[in-house]
Structures are given as structure tokens and as C-alpha cells.
Amino acid sequence: MTSPAVVWLRDDLRIADNPALRAGVDRGGPVVALYVLDDESPGIRPLGGATRWWLHHSLAALDDAVASRGGRLVLRRGPAAAVVPTVVAETGAGAVFWNRRYGASREIDARLKATLRADGVEVASFAANLLHEPWTVATGRGGAFQVFTPFWRAAQQLPVREPVPTPREVPGPRQVDSEELHAWALLPTRPDWAAGLRARWEPGEDAAHRRVERFATEVLADYHERDIPAQEATSLLSPRLRFGELSPVQLWHRVHGELSAAARRNVGAFLRELGWREFDASILYHRPDVAERNVRAEFDAFPWQPPREAELAAWQQGRTGIPLVDAGMRELWTTGYLPNRVRMVVASFLVKNLLADWRIGEAWFWDTLVDADEADNPANWQWVAGSGADAAPYFRVFNPELQARRFDPHGEYVRRWVPEAGTDAYRTPIVDLAASRADALAAFEHMRAANR
Numbered sequence: 005m006t007s008p009a010v011v012w013l014r015d016d017l018r019i020a021d022n023p024a025l026r027a028g029v030d031r032g033g034p035v036v037a038l039y040v041l042d043d044e045s046p047g048i049r050p051l052g053g054a055t056r057w058w059l060h061h062s063l064a065a066l067d068d069a070v071a072s073r074g075g076r077l078v079l080r081r082g083p084a085a086a087v088v089p090t091v092v093a094e095t096g097a098g099a100v101f102w103n104r105r106y107g108a109s110r111e112i113d114a115r116l117k118a119t120l121r122a123d124g125v126e127v128a129s130f131a132a133n134l135l136h137e138p139w140t141v142a143t144g145r146g147g148a149f150q151v152f153t154p155f156w157r158a159a160q161q162l163p164v165r166e167p168v169p170t171p172r173e174v175p176g177p178r179q180v181d182s183e184e185l186h187a188w189a190l191l192p193t194r195p196d197w198a199a200g201l202r203a204r205w206e207p208g209e210d211a212a213h214r215r216v217e218r219f220a221t222e223v224l225a226d227y228h229e230r231d232i233p234a235q236e237a238t239s240l241l242s243p244r245l246r247f248g249e250l251s252p253v254q255l256w257h258r259v260h261g262e263l264s265a266a267a268r269r270n271v272g273a274f275l276r277e278l279g280w281r282e283f284d285a286s287i288l289y290h291r292p293d294v295a296e297r298n299v300r301a302e303f304d305a306f307p308w309q310p311p312r313e314a315e316l317a318a319w320q321q322g323r324t325g326i327p328l329v330d331a332g333m334r335e336l337w338t339t340g341y342l343p344n345r346v347r348m349v350v351a352s353f354l355v356k357n358l359l360a361d362w363r364i365g366e367a368w369f370w371d372t373l374v375d376a377d378e379a380d381n382p383a384n385w386q387w388v389a390g391s392g393a394d395a396a397p398y399f400r401v402f403n404p405e406l407q408a409r410r411f412d413p414h415g416e417y418v419r420r421w422v423p424e425a426g427t428d429a430y431r432t433p434i435v436d437l438a439a440s441r442a443d444a445l446a447a448f449e450h451m452r453a454a455n456r
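Under the working numbering, think of the first position of the sequence shown as 5, with each following residue one higher.
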């Protein structure tokens, strides 16, 4: 009888187009579908509150999907380098398969692969969660791209693989202990702040594919209006991709399938956004410390100002007195999500109008976004701050009043989240936009002088 195979799942919580799971099933023996909650290993960034909420529900959905195919999702908590070999020993597994990841955590994977192979265990890893692995999109000299447009031009010349077949069965092992999901306490209780998340989202692979179909058939035709936050013109697929309930390969093939003529006109713009996800993953691969250090070293001399506690709390809670900023921050707190245009506006306000270090905002988004991703989140904050790869120039300061007039001209989005805006009950702004912009430009000049 073929020995069991452990399939170690991470940010790939799906049955379909899962190369590691497919390899485990094709091997012919029992499959131990394993998820390890690892908050301890070096290089692993503990999840924020919103992503912990999503993870709970996504794991519950995956457990149901595995069980419906004859298997069981095994849950363990602890350092992966210790937990995975323990499960291999307990089950007598002869193979371990996983899908690759690209941050500092890949060092854990490399060491674990060497350890298991030294013990005679078959080990293989697979490409699963990007269109193209970071090292395959390279400059003519074989280096990493620092600018998005040539990166995406090169990426588009590469073929995209076909999705791997979905297994009909995932035969489970006879006996293996699993921890209880509820015991991990991923859900908030005292207080339970997740009512808005429950109202907005349904995690899980099946829900992800329903959203893909709605996006392709109803929303993609309006995607050119995605900067208007009052409209549903975005895909809302980012948390699905972040947890791997859906692969970008599946999405790429879907938008190249049957679509209306209006939707087809927006495919290129949508794929460009997928391209930015690929570009951010490339940045993470080459700069695993992207959440901690400026990509552009000259920004090490930037005179960030420690924000006053009251100002930072006002930004976090949507009480700045700037309507579009407040609307965005309240939507973020309630739903765990922000449209991309509003993300840029609220981020620019923090780093340029308040002169707060981008890492402060990145940490807040890490805790509050359901799609907080180890590549996208810091790369996007560094883009706004001007310190990242292909970043917006620091002297580009998003004026939230002009942005509101352009993208929320009738005030629908602001009224939805800040109903008191425009009344005597609304607070005065915590900062003068023109004066703070001037301060930001002066700080930029200070940095330039320091680097001469």
C-alpha cells in the first residue's frame, strides 16, 4: 500500500488548481491535508485581526470541501519546521508537497525540504499562486525590474499555464490528530467587531468562484469606473487571491473566456492590476524586508515626524475632518476593505499631510484589511510614500478635496460613511491641507540635501 502524502497548505486554501494537492492525490495513497498556524517562525509575520477572521472562515470552508471528497483537514499550531516532520512521523508519510511562497519564509521551506529529504522523504514544491514566478520575469541582464511597465511588458511575453485538474477525491488517512479550529480563537469576541465583515464577505472557495462569475458577467463591463468609490466597479477578489481560494491562473483564463463586448474592453486594464500583484511579489522576492526598510535607501534620511497620538487616532478612526479620508477609514474599519483610489488618498494623507512614517500606516492596514498581503501591503505603502520601486514621486501629494470632487462629485460615498459631513456636527480638519503639503515638500528637499 502506498504511504500517505502530506500536502502542506498555506496561502492556497482551495481544491481546484492546487498543484501540491493534485500531486498528493496522484501519488495514489492517503492524503494528509495539513494547515499549520505558524506565528512563531523567523520570517513569518503574524496575521492581523481582519485576516485572522477571514482565515477562520476560509479554513472552515476548506474543511467542508476536503471532507466532501473523503478526506479531512488537519490543523496544527506551532513552528512549521517542527510541526511538519512531526506529522510525517505520526502518519508514516513518504512524501510532502507544498506550493511555493516568495518572502523570507522561503528559507523555512528550503531548510525543511533538506531535512525531510535527508530522512528519505520525497519532497516537491510547486508554482501555484502567481502567473509567473518572480525569477522568470527578468531584465535582459537577468536582474529584477525596478519599474512596473517594462516588468509587465516582459511578463506578458511568457505563457500562462493551464489550471491543474480538480481532484474528485481526497482520500484521508485512517487516523491523525487535529486541533479544533475554534480553539485557535481567530474570531474576535470581546468585543466582537466583525459584524461589518460578516455583512460584506463570504470567505471560501465556492464563494470566490461565485464572485468571479459575477465580476466577469456583471461588473467587468464597468471596470473603467473603478476609481469611483460609490460604484461597485472593482473585482473584490483581492482577499480571495490573498488566501488562495482562487488562483490568478484561474482568473486569467476566465477573463480570456466568454465575455460581453463591454467587458472585453476592460480585460487589459484588469490584467494590469493583476500585473501589479505580480510586480509586488517580485519586490518581496528580491527584498524580503520590504515591510521594514525603504526600497530606495535615500529615504532613510527622510525626516518623518512621530504623529501625535490624537492625530493618529483621528486618522485611524475616520475623524480627521477631511470627508473623503474619514469615509475611507470608516469603511476600512467596518468592512476590512478599501477601493484602491481611496487607499491611495488615505495613505497619502498620513505620510504627506501628517508626515508619519509609512510603516505606521502599513501596520494599521496589516491589522484591518482582509486582503493584507505580505507583498502588496508594504509595496503599496512604499509606492505612496515615494520610497519604493517605481514609486509615486514624493512631491505628488493627493489632495483629498480635489480627489473627492473628481471621483465622488455627488458626495454619495462620503454620505454613506460620514453622514454628518457638511453639518455643524462635523469636526474641523486636524491639519491645513495647503500648509501641510508645503511642509511635506520642505521635508522632501531636506532629504535631498541630506543625500547630496
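For every residue, glycine included, the Cβ atom is placed at its ideal position computed from N, Cα and C. Keep in mind it's a predicted model, so treat the numbers as computed, not measured.
Item	Value
Check: Glu184 C-beta below 6 Å from any heavy atom of the ligand MG	Looking at this structure, you won't find the ligand MG or any other ligand, since it has none at all.
Bridge-paired residues (DSSP) for Ser182	DSSP, once it has assigned bridges, lists no residue as partnering Ser182.
Strand pairing of Trp102, partner residues [DSSP]	Trp12 and Ser129
Whether Leu336 touches Leu342 by CB criterion (7 Å)	yes
Residue from Glu173, Val40, Glu166 and Arg104 whose Cα sits closest to the Cα of Gly28	Glu173
Boundaries (first-last residue) of the beta strand (DSSP E) holding Arg81	Leu77 to Arg81
Burial state of Ser352 (16 or more Cβ within 10 Å)	buried
Beta-carbon gap between Phe369 and Asn357 smaller than 7 Å	no
For Tyr39, the residue or residues it bridges with in DSSP	Leu13 and Leu79
Limits of the unbroken alpha helix (DSSP H) element including Leu255	Pro252 to Val259
C-beta atoms of Ala225 and Ser264 nearer than 7 Å	yes
Residue nearest to Arg258 in terms of C-alpha spacing, selected from Val164, His414, Ala429 and Arg110	Val164
Leu241, DSSP secondary structure in three states	coil
Distance, Thr324 Cα to Val435 Cα	8 Å
Touch test, the stretch 307-321 against the stretch 404-412, Cβ-Cβ under 8 Å, three pairs minimum	no
C-alpha gap between Arg115 and Ala85, whole angstroms	8 Å
Closest by C-alpha distance to Arg312, when choosing among Asp361, Asn270 and Glu277	Asp361
Ala438 classed as buried or exposed, judged by whether at least 16 other C-beta atoms fall within 10 angstroms	exposed
Limits of the alpha helix (DSSP H) - the one that Phe283 falls within	Val271 to His290
Residues of its chain near Val156, where Cβ-Cβ distance is below 6 Å and the 5 sequence neighbours each way are ignored	Note on identity: in this sequence residue 156 is Trp, with Val being the wrong assignment. Gly279, listed in sequence order.
Where Phe399 sits in the DSSP three-state scheme	coil
Simplified DSSP state of Trp384, which is helix, strand or coil	It is worth fixing the name first, because residue 384 is Asn in this sequence and not Trp. Correct three-state label for Asn384: helix.
Straight-line gap, Thr193 to Leu373 (C-alpha atoms, nearest Å)	18 Å
The stretch 140-157 in contact with the stretch 42-56 per 3-pair CB rule at 8 Å	no
Per-residue DSSP class, three states only, for His213	helix
Glu229 versus Leu59, Phe411 and Met451, residue with shortest Cα-Cα distance	Phe411
Three-pair Cβ contact test at 8 Å for the stretch 174-181 versus the stretch 88-102	yes
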